[in-house]
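Chemist: Sending over a structure as structure tokens; questions will come in a sec.
Protein chains: 4
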Amino acid sequence: MIQEECGVIGAYDFDGQDVGIDLYHGLYTLQHRGQESCGIVTNDYVRLYSVKGLGLVNEVFNKDNLPTLKGKIGVGHVRYGAGEDEAIPPIQSRYCKGTMTLAMNGHIYNYEELRSELEQRGAIFQSTSHAEMVMNMIAVARTHSHSVEAAVLEVVKRLKGAYSIVVMSPKKLIAVRDPLGIRPLAVGKRGNRYFIASETAAFSVLHAETLFDVKPGELIKIDETGVNHFTENVGKIKPAHCVFEHVYFARPDSYLDGTNVYEARVGIGRELFKACPAKADIVFGVPSSGLHFALGYAYESGIPYGDGLVKNSYVGRTFIKSTDAVRYEAVHIKLAALRGAIEGKEVVMVDDSIVRGTTCANLVKLVKDGGAKKVHMRIASPPFLYRCKFGTDIPDRSQLLAARMTVEQMRDHIGADSLGFLPIEAFERVGLSPDCYCSACFTGKEPDENI
Amino acid sequence: MIQEECGVIGAYDFDGQDVGIDLYHGLYTLQHRGQESCGIVTNDYVRLYSVKGLGLVNEVFNKDNLPTLKGKIGVGHVRYGAGEDEAIPPIQSRYCKGTMTLAMNGHIYNYEELRSELEQRGAIFQSTSHAEMVMNMIAVARTHSHSVEAAVLEVVKRLKGAYSIVVMSPKKLIAVRDPLGIRPLAVGKRGNRYFIASETAAFSVLHAETLFDVKPGELIKIDETGVNHFTENVGKIKPAHCVFEHVYFARPDSYLDGTNVYEARVGIGRELFKACPAKADIVFGVPSSGLHFALGYAYESGIPYGDGLVKNSYVGRTFIKSTDAVRYEAVHIKLAALRGAIEGKEVVMVDDSIVRGTTCANLVKLVKDGGAKKVHMRIASPPFLYRCKFGTDIPDRSQLLAARMTVEQMRDHIGADSLGFLPIEAFERVGLSPDCYCSACFTGKEPDENI
Amino acid sequence: MIQEECGVIGAYDFDGQDVGIDLYHGLYTLQHRGQESCGIVTNDYVRLYSVKGLGLVNEVFNKDNLPTLKGKIGVGHVRYGAGEDEAIPPIQSRYCKGTMTLAMNGHIYNYEELRSELEQRGAIFQSTSHAEMVMNMIAVARTHSHSVEAAVLEVVKRLKGAYSIVVMSPKKLIAVRDPLGIRPLAVGKRGNRYFIASETAAFSVLHAETLFDVKPGELIKIDETGVNHFTENVGKIKPAHCVFEHVYFARPDSYLDGTNVYEARVGIGRELFKACPAKADIVFGVPSSGLHFALGYAYESGIPYGDGLVKNSYVGRTFIKSTDAVRYEAVHIKLAALRGAIEGKEVVMVDDSIVRGTTCANLVKLVKDGGAKKVHMRIASPPFLYRCKFGTDIPDRSQLLAARMTVEQMRDHIGADSLGFLPIEAFERVGLSPDCYCSACFTGKEPDENI
Amino acid sequence: MIQEECGVIGAYDFDGQDVGIDLYHGLYTLQHRGQESCGIVTNDYVRLYSVKGLGLVNEVFNKDNLPTLKGKIGVGHVRYGAGEDEAIPPIQSRYCKGTMTLAMNGHIYNYEELRSELEQRGAIFQSTSHAEMVMNMIAVARTHSHSVEAAVLEVVKRLKGAYSIVVMSPKKLIAVRDPLGIRPLAVGKRGNRYFIASETAAFSVLHAETLFDVKPGELIKIDETGVNHFTENVGKIKPAHCVFEHVYFARPDSYLDGTNVYEARVGIGRELFKACPAKADIVFGVPSSGLHFALGYAYESGIPYGDGLVKNSYVGRTFIKSTDAVRYEAVHIKLAALRGAIEGKEVVMVDDSIVRGTTCANLVKLVKDGGAKKVHMRIASPPFLYRCKFGTDIPDRSQLLAARMTVEQMRDHIGADSLGFLPIEAFERVGLSPDCYCSACFTGKEPDENI
């Protein structure tokens, strides 16, 4: 199981109504992309209003602080894995043209080089946040650019990596997606109010319709003049959307670059059966990310779908591992075998991926202890072989099980009766073509970034 | 959707090892029975150790306070819906024979009468907690009983209602279940350590085996002499387990009086199709309680099972309802329609029950807005017609939709294309016989309590 | 330096206005009597309203919770040194006649015996609080008394110890002082609003006038019929007010049984000079309790009064003692020598008492390190020789410096150039006559308590 | 009563021992200079360690976080009146030469101009903190300076205002005082450990000796090479120490530029009597800042010194003003008249200053209500006539009582029987010569700043 990414959201209301509550509901919907901290900053043309904190959306916002978020423009952020020295995003600053607020979902891999350049000019950095560095770059670019959007477009040409950035200047809401389109970003609308968000699922809960995906490299500016597209960085290189947004990060009800995540997952499950069939009494997924792959596997195979594991939805960030003589692996508290469903049966268990193999081995043991006669493990992605330079949290090659073992060795290691991975070619068959999706973590083939 | 009940747990280690960590893991597993407060009290023969607080298990316990829970005997509690004046359970007191700690899952409906009797003797009450009243009764009974277990057995004869009580005296762990056996209570064991818990799911995560269900009216005493059964209040009246433990309260991996909850739910789903068939493209449940009924409905009908709704698992107790001009019903944040699965289709949606009908109407609208062509609503229990005197949180008859409308009127009210309820007779066919299960909320026929 | 006692307050408004804010201001003024916890309970004839918490008045009360304290009757408490198992006072309960709320400043030394009696009747105790025990006794007495005040008067006859108790029943505010009058209690009035408080200083800040001190053993009942005196326990034994209220506990602006604390302290300072004169360049007190004795000493001696020590008013309960190689005794952070005032001078330093002698020795060292040529230590009370059975926090005789050493040995021990104590006879000369003041901690002669 | 300033501290240990605990004790001693937030950052050559928070020293630091402050170099800060957008000082950043941590007590009045210059170069600002701006200036200067100390010296030439700055670079502790020497700054030493602090009182509690005051404009650098003085900005203009450090800000046990605060205050009190004599029965000060002036007044006049007001030391930042019908001015809770000392007497009451006159009028009323026959108000400074551009928190001229009224009108306004101010010439007689002290708030004559 690999880790989540951040989520960003922005809103602009042409009728001048407050957007704070909508941003709050939107962040609730993006919460799966980051649980470490969250924040909203709004802007009523006069000043900024800000509520931020460590913790979940329902911990940071409350009925006292939400109404303070006044203003018709606003940006929000849910954060995964922040550096301890960082200000909680969205980051606010003042620069030569007034205020600038920035929320960013992403990773800039030439960060050190770009920061060093700024430092040589006399810049200081109060954190190691990539967002703070991007803000500095925009401020410098703005000293010779005629507008903030021009400055952002100039900066984008220098950044290497994956990112979706939302910037709020005193009168504008600006969003830009990296030229490879690695992270998702889309625009929605309800009445005269426009939204920009990491996932379209946010639009659904806001009763907004999805207008379009921001194109790789495209900049959207929303201000009094309307919704404007800046496409000078678009189309110069092949897109390379992250395939793991479909496999793991995104909500099933989101549409990423036109493809519904649920349908992609069911499709992957079908492909997984075609490539690695099994005979079994029941097929089930590892909650929550494995469930829809399992559905597809069941549809294609005709094996009954069921639940083989019960997830404890209360096991939070602060779960304390036992130091008792009897070892409870965390997995036993989080997931319990559903003996009534699996006892005496051959089962197919589907999970999204294998990283180090530890969790998978624990799950197989759990299910066997729960009475399953045979466990056929099916993985809804190809074996992880390479680290991701775009920031997806995959460990070093030395820690990747698949980089050290054959499939048969892995099967033996996790204790399953059979083990099958999705073949890389299957992605294309469910609409995730190598022409526009990056699968460098499986293949080592990195996309071309020079625009 | 009706509300949850409390959960209790107790542990006794014959080898003298600390039981605090096990109680903590156990409470994690019982968390679904109460999220308002939780607490553990342990006892090492010298003194009591206590950690309690408002909030979830992962909020109250931490790596600093868990190790303070020393001792080989202990009790724990997760609380639903506490009175604001109450001490957080388990309640500790001192009485003529030393300390007494009590955790209680239940409701005593002759509370006012019993309390008044105690007050006439000069007792004071620091809360409206039924548990405090029971403690007072035990202390009074103990002034003329030869043991604490004898005092508890005497008290049980006076209590009217539903309850599972765990009492810790200086050297004993005592548990008693109400004579109707309304709330569940079972005993488990790992090595020389014994557990008593509201649900057997707690034993699984503790790697303990389930030994037996406590019989209706039975008292179990665990002390240096071993595990002792006191059965003088057993078998004098017909048991009347609460059928809603199976339909809603309990975890699917628990076994209640011998019946697995998951299997009962799948069975109910099958019966629901037999009684109220539908033609559809997909069947799905309302997460989380409706899922397993939907599985059974799918199995029996052959209609493909799928997911039609996405649950946001982060919407917690503190969710703030919008006061914005645009109304987002809470249901839209908690549950989103999975358009990719339901668009253009006829669907069967299964939920556990209908109380006032508001939630159900919202769900039907949500699913139709999500593109479903037709919605066949199926309810995995008979219509609610009566209030429960045993404490299950069902509102007054005046607020129960089924008490005011015909099924056809209800269908129209919720906006579904068809509506079907489980017939009352179906319970028997899945093993929940009227001979030992109470279904007074559907039939109005209350069990006989006079022992 | 010995420790503080609790403080209690009550209010009754004949015009029916809310008393919560007044109780809050009153507790601020009594804060010196207890810093561990505080609470206010009010009553509007319909229900009780309560705000309580661990910490100081300014930590527990805030602009959100203060307005919730509705009602024309109320009681408040500041607590010193609570048992960890205790509910925060004022304690609320329900008994046969409705609600009872009790705040108590005091110590019952036959607590064990009285509690045991109640336990034999079947009572339970949720804490070791003496107040909870007193509440139980009142409830039992009420089963055969014709009124709550009659029940309280009956209970008083059984209690041995020092106490001021304020009880709020549904329609009455009742206060009672122990028959020896050890702890202070007085009644004040502003318009149609009456106050009962541990110290009259509370009345001053409330712009109320002091009406009278409650007599030893007297019970005051305030209800619709007015302010009523019950004197059946009054005058049967000699009063024995605690002399340490004047020496240490009380605020200088309070009047205790007719004597102003500031004037008593200045008088004691004068007596101290008469008994133990010294020649010096400056006289100063140890802040804060020694200051007014030093003033008196200066007045009588003609030696200039000054400040020799600076108190850091921010050193709170949570001060962390260094574990560094260099040892900073806490006294160095709390008090610093004022070199500018004492360098090269002979000084008289006045403190209220010597218990173990450690603090005093540290102070002498501090002042000498600060440049004083000679230090004449003067103590504004006789040597402590006996433990106090009425609850004043004086340690066992084995730890009392004066019980083990002569004055000359003590002088040597603390490093002073001379040392003088107040002679016991001096108390009478400042109005604290042995006929009505207890000085058993100095003399061992305990007052007669049998009424 | 005017408001407090910030306090800064630094430490460098040549033996390589941790300085965290010393910085904590030091901040306790500087707490009176700022209560809004505090922080310590230490440095062990490898990385920085930081503990910061809103609140008092005893709220922010605890036994868990103090030991994490490892390292032989460190800086600390207590903050008064921070902007809400500011990071809590000391501020940490990274720049071209590694880390830089800065604590600053002061106010830069050409802030807007300097910041605008930086913004034109592309800098961003995450707060309105003057310290963040100074850090940016240092970083820019460092791009062409050969050392951080050279960069700081260059920056100092551009800053207009009052400040003491402590900077920690990876291997150096640097301190600089503004060229006018408005805010105090001194260096102390204990063994091989050196301290830099706003006030020498901090050295006393650390058992360190005061080595010297940092000269106006001087920069001190402590690193492996020892303690180095950089004096290129020293002596070019006349010093102008703030006279209000003596009158109000500093602790009485501090020595500021060679003068002890206590002695200066006693001296001022003597001068005040000489200039504005009164006949009275008692003289007392308004706690706490007025006490030592009153002592001097008593010494010079021969009128007995006493206490006329009792200060409630528990009235903290969160005191809630009544909204009740009866108005309690905050002053009545904070200060109570000591009737026993003043009733029926003519009194002299001494306070440090009059700003708007409201507090003073309340005090006179309080003392008269407390029984004083006549109140002679004496003010230990000349009338405030001008705003302070160096940041002392004096309101606009329009709000200064003395700017609108004659002394007789002021006397009438505050309700006193006589009113006297310190003549401006008196400062010189107590050692605070206009040659090196600024009294622009009284005279309007601002010091020359052009070096």
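Protein chains in written order, with the numbering used here: chain A, 5 to 455; chain B, 5 to 455; chain C, 5 to 455; chain D, 5 to 455. No residue lacks a Cβ here, since even glycine has one placed at the ideal position from N, Cα and C.
For chain A, check one thing: does any of its Cβ atoms lie closer than 8 Å to the Cβ of B/C445?
Modeler: Here residue 445 of chain B refers to the residue found at position 441 of the second sequence. For B/C445, the answer is no, since every Cβ of chain A falls outside 8 Å of its Cβ.
Chemist: Give me the residue from D/V191, D/L177, D/V238, D/I358 with the minimum Cα distance to D/F248.
Modeler: If you number the fourth sequence from 1, residue 248 of chain D lands on position 244. It is D/I358 whose Cα lies nearest to the Cα of D/F248.
Chemist: What is the DSSP secondary structure of A/R51, counted as helix, strand or coil?
Modeler: The residue labelled residue 51 of chain A in the question sits at position 47 within the first sequence. Coil.
Chemist: Give me the DSSP bridge partner(s) of B/Q96.
Modeler: As a position in the second sequence, residue 96 of chain B is number 92, starting the count at 1. Beta-bridge pairing links B/Q96 to B/T105.
Chemist: Tell me whether the region 237-244 of chain D and the region 189-205 of chain D touch, counting them as touching only if at least three CB pairs, one residue from each stretch, are closer than 8 Å.
Modeler: With the cut-off at 8 Å, the region 237-244 of chain D and the region 189-205 of chain D do not touch.
Chemist: With distances taken from CA atoms, which of D/V290, D/L184, D/R146 is nearest D/L163?
Modeler: Here residue 163 of chain D is taken as the residue at index 159 of the fourth sequence, counted from 1. When only C-alpha atoms are compared, the closest one is D/L184.
Chemist: What is the DSSP secondary structure of D/P451, counted as helix, strand or coil?
Modeler: Here residue 451 of chain D refers to the residue found at position 447 when the fourth sequence is read from its first residue. Of the three classes helix, strand and coil, the one that applies to D/P451 here is coil, per DSSP.
Chemist: So which residues of chain B does A/Y303 contact, with C-beta pairs closer than 7 Å?
Modeler: Position 299 of the first sequence, counting from 1, holds the residue named residue 303 of chain A. Within chain B, the residues near A/Y303 are P308.
Chemist: Starting from D/T33, trace the alpha helix (DSSP H) both ways and give me its first and last residue.
Modeler: Here residue 33 of chain D is taken as the residue at index 29 of the fourth sequence, counted from 1. That run of the alpha helix (DSSP H) goes 24-34.
Chemist: Give the list of continuous alpha helix (DSSP H) stretches no shorter than 4 residues that lie fully inside the region 114-179 of chain D.
Modeler: Taking only runs of at least 4 residues, the alpha helix (DSSP H) segments lying wholly in the region 114-179 of chain D are 115-124, 134-146, 152-162.
Chemist: Whose Cβ in chain A lies nearer than 7 Å to the Cβ of D/V144?
Modeler: What you label residue 144 of chain D is simply residue 140 of the fourth sequence in a count that begins at 1. Result: G126.
Chemist: Beta carbons nearer than 7 Å to chain C: which residues of the region 187-214 of chain B have them?
Modeler: Within the region 187-214 of chain B, no residue qualifies.
Chemist: Look at the alpha carbon of D/V144 and the alpha carbon of C/A91, and state the distance between them as a whole number of angstroms.
Modeler: One-based indexing of the fourth sequence puts residue 144 of chain D at position 140. One-based indexing of the third sequence puts residue 91 of chain C at position 87. Each residue's Cα considered, the two are about 60 Å apart.
Chemist: Going straight from the alpha carbon of A/V371 to that of A/A298, what length do you get?
Modeler: As a position in the first sequence, residue 371 of chain A is number 367, starting the count at 1. As a position in the first sequence, residue 298 of chain A is number 294, starting the count at 1. Rounded to whole angstroms, A/V371 to A/A298 spans 16 Å at the Cα level.
Chemist: Find the nearest neighbour of C/A4 within the set C/A15, C/S422, C/K315, C/P451, judged by alpha-carbon distance.
Modeler: The structure shown has nothing for residue 4 of chain C, since chain C only spans 5 to 455.
Chemist: Say whether the region 284-291 of chain D touches the region 308-315 of chain D, bearing in mind that this needs 3 or more beta-carbon pairs closer than 8 Å, one atom from each stretch.
Modeler: With a cut-off of 8 Å, the region 308-315 of chain D and the region 284-291 of chain D count as touching, because enough Cβ pairs lie within range.
Chemist: Cβ of A/R1 less than 8 Å from any chain B Cβ?
Modeler: One cannot answer for residue 1 of chain A here, as it falls past the ends of chain A, which runs 5 to 455.
Chemist: For the alpha helix (DSSP H) that contains B/M409, what are its first and last residues?
Modeler: The residue given as residue 409 of chain B occupies position 405 in the second sequence. Segment: none, B/M409 is in no alpha helix (DSSP H) and carries neither H nor E.
Chemist: If you draw a straight line from the C-alpha of D/N140 to the C-alpha of D/F253, how long is it?
Modeler: Stepping through the fourth sequence from its first residue, residue 140 of chain D is reached at position 136. Stepping through the fourth sequence from its first residue, residue 253 of chain D is reached at position 249. Computed Cα separation, rounded: 29 Å.
Chemist: Ignore the nearest five residues each way along the sequence and tell me which others in B/R360's own chain have a CB closer than 8 Å to its CB.
Modeler: What you label residue 360 of chain B is simply residue 356 of the second sequence in a count that begins at 1. So the qualifying residues of the chain are P399, Q403, L404, L405.
Chemist: Please report how far the alpha carbon of A/N69 lies from the alpha carbon of A/L177, in whole angstroms.
Modeler: Position 65 of the first sequence, counted from the first residue, corresponds to residue 69 of chain A. Position 173 of the first sequence, counted from the first residue, corresponds to residue 177 of chain A. Near 23 Å, if we compare the C-alpha coordinates of A/L177 and A/N69.
Chemist: When the Cα atoms are used, what is the spatial distance from C/Y303 to C/G289?
Modeler: Position 299 of the third sequence, counted from the start, is the residue given in the question as residue 303 of chain C. Position 285 of the third sequence, counted from the start, is the residue given in the question as residue 289 of chain C. Going from the Cα of C/Y303 to the Cα of C/G289 covers about 13 Å.
Chemist: What beta strand (DSSP E) runs, 3 residues minimum, are completely inside the region 334-417 of chain A?
Modeler: Listed in chain order, they are 339-341, 350-355, 378-383.
Chemist: Would you please state the rounded distance, in angstroms, between the beta carbons of B/G78 and B/G43? I believe it to be under 8 Å.
Modeler: Along the second sequence, one-based indexing puts residue 78 of chain B at 74. Along the second sequence, one-based indexing puts residue 43 of chain B at 39. Incorrect: roughly 11 Å between the Cβ atoms, too far for contact.
Chemist: What are the boundary residues of the beta strand (DSSP E) that C/V314 is part of?
Modeler: Here residue 314 of chain C corresponds to residue number 310 of the third sequence, with the count starting at 1. Counting along the chain, the beta strand (DSSP E) containing C/V314 begins and ends at 313-315.
Chemist: Using a beta-carbon distance below 8 Å, is D/Y32 in contact with chain C?
Modeler: Locating residue 32 of chain D in the fourth sequence gives position 28, counting from the first residue. Cβ-Cβ to chain C under 8 Å: yes for D/Y32.
Chemist: Candidates B/I418, B/L436, B/G448: which alpha carbon is nearest B/C392's?
Modeler: If you number the second sequence from 1, residue 392 of chain B lands on position 388. Per the Cα distances, B/G448.
Chemist: Looking only at C-alpha atoms, which of B/K56, B/C10, B/S41 sits nearest to B/G24?
Modeler: As a first step, residue 24 of chain B must be located in the second sequence, where it is residue number 20. Answer by Cα proximity: B/K56.
Chemist: Any C-beta of chain D within less than 9 Å: which residues of the region 72-105 of chain A qualify?
Modeler: Those residues of the region 72-105 of chain A that come within reach of chain D (Cβ to Cβ, closer than 9 Å) are D89, A91, I95, Q96, S97, R98, Y99, C100, K101, M104.
Chemist: Within a Cβ cutoff of 6 Å, which residues of the same chain sit near C/A107, ignoring the five residues on either side of it in sequence?
Modeler: Taking the third sequence and counting its residues from 1, one reaches residue 107 of chain C at position 103. Excluding sequence neighbours, C/A107 sits near V12, V79, H81, P93, P94, V170.
Chemist: Cutting at 7 Å between CB atoms, please list the residues of its own chain near D/C10, excluding the five before and the five after it.
Modeler: Reading the fourth sequence from its first residue, position 6 is the one you call residue 10 of chain D. Cβ neighbours of D/C10 beyond the five flanking positions: R37, G38, H81, V82, R83, Y84, N109.
Chemist: Can you find a C-beta in chain A that's less than 8 Å from the C-beta of B/V330?
Modeler: The residue you call residue 330 of chain B lines up with position 326 of the second sequence. Confidence is the limiting factor: at B/V330 the pLDDT is only 41, short of 50, which leaves the residue's position unreliable, though a coordinate-based value still follows. Yes, B/V330 counts as interfacial toward chain A.
Chemist: Between the Cα of A/G300 and those of A/N316, A/L215, A/P291, A/R274, spot the shortest distance and give me the residue it belongs to.
Modeler: Locating residue 300 of chain A in the first sequence gives position 296, where the first residue counts as 1. Answer by Cα proximity: A/R274.
Chemist: For the candidate residues A/P387, A/G374, A/R125, A/D22, whose alpha-carbon lies nearest to that of A/V251?
Modeler: Here residue 251 of chain A refers to the residue found at position 247 when the first sequence is read from its first residue. Residue A/P387 is the option with its Cα nearest to A/V251.
Chemist: So that I know if they touch, is there some Cβ in chain C lying closer than 8 Å to that of B/E123?
Modeler: The residue labelled residue 123 of chain B in the question sits at position 119 within the second sequence. Yes, contact with chain C.
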